[in-house]
Amino acid sequence: MSRRTYPVPEGLDGQRLDQALSRMLGLSRTRAADLVDQALITVDGQLLPKSARVLADQMVEVEDLDTPAAPRPDMDLPVLYADEDIIVVDKPVGMAVHASPGWEGATVVAALAGAGYQIAEVGSEERYGVVHRLDVGTSGVMVVARSHRAYSALKRDFKNRDVDKTYHALVQGHPDPSDGTVDAPIGRDPRHSHRFAVIADGRPSVTHYQTLEGHRFASLLEIGLETGRTHQIRVHMSALKHPCCGDLTYGADPVLSQRLGLSRQWLHAVRLTFRHPGTGALVTFESPYPADLAHALEVIRQG
């Protein structure tokens, strides 16, 4: 039998065995409990019931686990800030926020659990602590709730649009006007189920943009959202005929994308401002451009 061994992180000290396994390995709690019931889990060499409490630095051995542990070694999740209420991370491209049908890659929730961070156990297990999301192909700053009060407060503030979410996007061409607002409803594209589009019966969606830099082939925009629809920025920029560079799904030029070395949309969550759910203070967190986006922008600047 193949075996893997994991130390129990300090953040999971005192947790039930099935709960600790769920967080360490990025599994659902049901799947973790099944592994214990099937005698595929030992703690310091002993078989324990799923209700047993684990201790920090105990060694958990897993046999025949066909689900990869998380986070993957190549998918580090930088933590920008953490306290008892919130954890702010710099999500890399290629990492989903939470598990979903068909997704087998790394997730923010699993990465935090694997690192031993306690997050708010509110909602479905795979979405514990999640108060907002970024696309798999979008990088940048996001916040996760660690306490129940933080989860409730942040969900309310996001719903009431009391959170400032700022993105930078490198789009093809030059939007006219250079600063403006796109107020256009978004819904599932009736022709392509995996895409979204501006449609008459879609959900209200409002995007504000401001041109920061104008170059020969592309423009760097700063974007603020009033709403948070799936793919909102990408859809609205495409509707303006200025898709995000690299965004082949929404009409980007594949030749330009290749020359910029982009394998995803040039879209980054650079800044997040919200009221701290514990202290009430207004806090701001920022994320620098990752290497692939910085390189593409430099190529554009050089013409």
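Residue numbers (my numbering): 940 to 1242.
Even glycine gets a Cβ: it sits at the ideal position worked out from N, Cα and C.
Identified DSSP bridge partners for residue i
i, result
"residue 1095", "According to DSSP, residue 1095 bridges with nothing at all."
"residue 1163", "1105, 1147"
"residue 1207", "1078, 1107"
"residue 946", "998"
"residue 1153", "1158"
"residue 1043", "DSSP lists no partner for residue 1043."
"residue 1225", "1210"
"residue 1021", "1026"
"residue 1126", "1136"
"residue 1083", "1026, 1069"
"residue 1142", "1125"
Backbone CA spacing between residue i and residue j [nearest angstrom]
i, j, result
"residue 1066", "residue 1021", "18 Å"
"residue 956", "residue 1049", "16 Å"
"residue 1014", "residue 1027", "Confidence at residue 1014 is low in this model, with a pLDDT of 44, below 50, so the placement of that residue should be treated as unreliable; the coordinate-derived value is given next. Between residue 1014 and residue 1027, the C-alpha separation is close to 16 Å."
"residue 1058", "residue 1068", "6 Å"
"residue 974", "residue 1072", "30 Å"
"residue 1229", "residue 1106", "13 Å"
"residue 989", "residue 1023", "26 Å"
"residue 1191", "residue 1240", "18 Å"
"residue 1183", "residue 1122", "18 Å"
"residue 1224", "residue 1001", "38 Å"
"residue 992", "residue 1101", "40 Å"
"residue 1046", "residue 985", "30 Å"
"residue 1140", "residue 1125", "8 Å"
"residue 945", "residue 1093", "33 Å"
"residue 1116", "residue 1150", "9 Å"
"residue 1181", "residue 1175", "9 Å"
"residue 1200", "residue 1211", "27 Å"
"residue 1060", "residue 1220", "24 Å"
"residue 961", "residue 1138", "40 Å"
"residue 1119", "residue 1177", "15 Å"
"residue 1197", "residue 1130", "26 Å"
"residue 981", "residue 987", "7 Å"
"residue 977", "residue 1226", "44 Å"
"residue 1238", "residue 1095", "41 Å"
Environment of residue i [buried if 16+ CB atoms lie within 10 Å]
i, result
"residue 1012", "Unreliable positioning characterises residue 1012 in this predicted model, as indicated by a pLDDT of 37, which lies under 50. The coordinate reading is nonetheless provided below. Under this definition residue 1012 is an exposed residue."
"residue 1030", "buried"
"residue 1035", "buried"
"residue 1202", "exposed"
"residue 1009", "Its pLDDT being 40, under 50, residue 1009 is placed unreliably by the model, and the measurement read from it follows with that caveat. Classification of residue 1009: buried, given that the 10 Å Cβ count is 16 or more."
"residue 1098", "exposed"
"residue 1188", "buried"
"residue 930", "A question about residue 930 goes unanswered here, because the residues of the chain that appear run from 940 up to 1242."
"residue 1232", "buried"
"residue 948", "buried"
"residue 1074", "buried"
"residue 1186", "buried"
"residue 1243", "Limits of the chain in this structure are 940 at one end and 1242 at the other, which puts residue 1243 out of reach."
CB contact check: residue i to chain D, cutoff 8 Å
i, result
"residue 1093", "No chain D appears in the structure shown, which is made up of a single protein chain."
Any 3 or more C-beta pairs closer than 8 Å across the stretch 1104-1117 and the stretch 1153-1161: yes
Assess contact between the stretch 945-952 and the stretch 985-1000, defined as three or more Cβ pairs (one per stretch) separated by less than 8 Å. Is contact present? yes
Segment contact flag, the stretch 1204-1214 with the stretch 1076-1086, C-beta cutoff 8 Å, min 3 pairs: yes
Is there contact here, the stretch 1162-1175 with the stretch 1140-1148, by at least three beta-carbon pairs under 8 Å? yes
Would the stretch 1215-1234 and the stretch 1087-1098 be scored as touching if the rule is three or more Cβ pairs under 8 Å? yes
May I have a chain-ordered list of the alpha helix (DSSP H) segments no shorter than 4 residues that lie completely inside the stretch 1047-1077? 1047-1053
Where are the beta strand (DSSP E) runs, 3 residues long or more, that stay fully inside the stretch 950-988, in chain order? 980-982
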